Structure formats: C-alpha cells, structure tokens
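Only one structure is covered here, and it is reproduced in the block below.
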Amino acid sequence: MDYKNLIAIDIHTHAEVSCWNPFDSYGEEYDRAADKYFGSNRRPTIEETVAYYRERKIGLIMFTVDSESKLGRRRIPNEEIAEAAKKNSDMMMAFGSIDPHKGKMGAREAEKLITEHGVRGFKFHPTVQGYHPYDKMAWPIYEVINHYKLPAIFHTGHSGIGSGMRCGGGLRLEYSNPMHLDDVAIDFPDMQIVMAHPSFPWQDEALSVATHKPNVWIDLSGWSPKYFPKQLIQYANTLLKDRILFGSDYPLITPERWMKDFEVAGFKPEVMPGILKDNAVRLLGLDKTDPA
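The C-terminal residue of the sequence shown carries number 993 in this note's numbering, and the numbering is unbroken.
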C-alpha cells in the first residue's frame, strides 16, 4: 500500500455484492432489518467501493463476514476480495473472514488465504457467527493468525444486524462483549486484536482491556464521531492515542461524513493524524516494508 500518498486508511469496510457468485436471497430479512436500523440501503459492488475510495485518496481494508453456520447464507468469496486487493495494491488490502465453527478446516483455509492470496488479516463477528470469542473451537484459526502475527478485527457491542426483528433474529448481543477478548489477547499475544466500534453498552470494558493488553486496539467505525462516548475520546487523546484507528463501516457510514464529524468531536489535533492513518500503518506493518 502506497500509504504516503493516501490521506487516511479506513480499517473497516464491507464487501456487499459479489460479482463472482449470484446473490443469495436466503435470510434477506436480516438485510431489510439492518437497512431500517441504519437508514441506508447502499449495496455497492467491490469494484464500485474501490473506485469510490480511490477517487478520495483513502486506503481501505475490505472484508466479508462468514456466518454460514449461524445464518445459513453463502458468504462472498474471500478470494474475490483478495483479487481486488491485488489489483489495487497501492490503496487496498483484503482481510479474510472464516466462520469459527469450521475449526481445523477453517485453519487450513486461513493458511491458504495468507500464503496464496495475500490476505493480511481477518474479521470476526461473534454475534452474527454465534460464538464466544474465547471458545476453544476458534483456537485453530487464531493459531494461524497468531503464527503470522496478523491483525484480527472483532465486532464488539450492539449489533444493527437483527435489530427490531422478532427475538432479534435469534442473535445474542452478549457474544460481543469486549471483555470476552481478554482471554484471547492473553493466549495469542502475537495476534493484534482490533475491537470494532464504540462498544455500546460496554465501552468501559473495551477501554479497560485495550489499556491492559498492548496487543489490543480499537477502531472507531459504525458511529458518527459526534455520538462517541466522552470516555472514548478521552482515552483516544491520552493513554490509547497510538492504538485508535479510523474505520467507517462503509457503506453504512461514508468516510466523508465520518471525517467531517471527527473534526469537531473533541480529538486533539496532535492525535488526529495517528488515528486517520499513522496507527494503521504500524498495525499493518506498512512502515516495515517501506524501502525508504
């Protein structure tokens, strides 16, 4: 990634539409509920998202969410996202997503995605995937990520997916309590753990774990910065200023809206460049591969 020519790096964007596989309409009621909750029904293709970010000179990390065992819905191929990242390597990286219920087969896939397809990290969504992050069934996949010293993004806090559906669509919010990542951070010290989103209603738990465990980071995706809890901004300005990351959750929130609100949300000017780009450069190891 040619990060020196980018104004920011968005650590959290979603692949919404596959051009390899036909649309899987099974479980489409979750889409409709999420559209209502977020007030958005944007569904760009991978190529459209890349073009959008290229025009704005913003780097991006893109992933899907593999929740096949819980939702019974076909995922967007990790390989499709990885191929797009290779074609746009100056400003894009691919993270993989593997349902933790796949166990050792999932670990084999993770290894292949890293070594053959250039995937540079992974995304987990405990609520949608239906598991506690500390569940030993996920250990084989974590072990691969830890071996290669790659980052893993974990959804934390409330989930817009399932919101308003009968019984919340059967999805359990408790799985995404950030305190569940404390065990993971201990057992996999070489896996950089990114807690996604302000972790409502567990913001203080997230700040505690990130302050205590140096391999834990926080991305600021999914919310407009003007709604961030005061303690999150306080820690971003002080103790955690080197481990806070810009993420939008695109296409649910656009980077333009996020950055506009970020400017007036109370972040200190001296920490803003780190949040927008410099911290992500270190997380992704881009500074280590810079020939300069």
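Don't be surprised by glycine CBs; every beta carbon is placed ideally from N, CA and C. Since the structure is predicted, the reported quantities are computational estimates derived from the model, not experimental observations.
- prompt: Where does residue 989 sit, in a helix, a strand or coil, going by DSSP?
  reply: coil
Residue 948 versus 940, 745 and 764, residue with shortest Cα-Cα distance: 764
- prompt: Does the stretch 907–915 touch the stretch 886–899, meaning 3 or more C-beta pairs lie closer than 8 Å?
  reply: yes
query: Just checking, does the stretch 868–880 make contact with the stretch 896–913 on the three C-beta pairs under 8 Å criterion?
result: yes
task: Look at the Cβ atom of residue 953, then the Cβ atom of residue 710, and state whether they are nearer than 9 Å.
output: no
- prompt: Expressed to the nearest angstrom, what Euclidean distance is found between the alpha-carbon atoms of residue 748 and residue 831?
  reply: 30 Å
message: Out of 901, 788, 965 and 872, which one is the CA nearest neighbour of residue 735?
response: 872
query: How would you label residue 806, buried or exposed, when you count the other beta carbons within 10 angstroms and need 16 or more for buried?
result: exposed
field: Straight-line Cα distance separating residue 760 from residue 667
entry: What is shown of the chain runs 702 to 993, which leaves residue 667 out entirely.
- prompt: Any idea which residues DSSP pairs residue 852 with across the strands?
  reply: 893
Validate contact between the stretch 844–857 and the stretch 778–789 using beta carbons, cut 8 Å, 3 pairs: no
task: From the DSSP output, in three-state form, read off residue 782 for me.
output: helix
query: Expressed to the nearest angstrom, what Euclidean distance is found between the alpha-carbon atoms of residue 730 and residue 988?
result: 43 Å
- request: Go ahead and label residue 993 buried or exposed: buried means 16 or more other beta carbons lie within 10 angstroms of its beta carbon, across all protein chains shown.
  value: Note that residue 993 has pLDDT 43, beneath the 50 cutoff, so the model's placement of it is unreliable and no number is given.
query: Does DSSP put residue 804 in a helix, in a strand, or in coil?
result: helix
- prompt: Considering only C-alpha positions, which residue in the set 789, 766 and 935 is nearest to residue 856?
  reply: 766
message: Could you pull the DSSP bridge partners for residue 761 from this structure?
response: 711 and 793
query: Would a C-beta distance cut-off of 9 Å place residue 719 and residue 777 closer than the cut-off?
result: yes
- prompt: Grouping DSSP H, G and I as helix and E and B as strand, with all else coil, what is residue 920?
  reply: strand
- prompt: Cα separation between residue 739 and residue 854?
  reply: 21 Å
task: Can you tell me the Cβ-Cβ gap for residue 792 and residue 762, rounded? I've got them flagged as a contact below 8 Å.
output: Actually they are not in contact, since the Cβ atoms of residue 792 and residue 762 sit about 11 Å apart, beyond 8 Å.
field: Cut-off 7 Å between Cβ atoms - residues of its own chain near residue 864, not counting five sequence neighbours on either side
entry: 734 and 738
field: Contacts around residue 721, its chain only, beta-carbon distance under 7 Å, and the 5 residues preceding and following it disregarded
entry: 778 and 781
Among 723, 741, 788 and 743, the one whose alpha carbon lies nearest that of residue 751: 788
query: Quick one: what does DSSP say residue 820 is sitting in, helix, strand or coil?
result: coil
Length of the line joining the Cα atoms of residue 816 and residue 809: 11 Å
field: Between the CA atoms of residue 834 and residue 827 - distance to the nearest angstrom
entry: 6 Å
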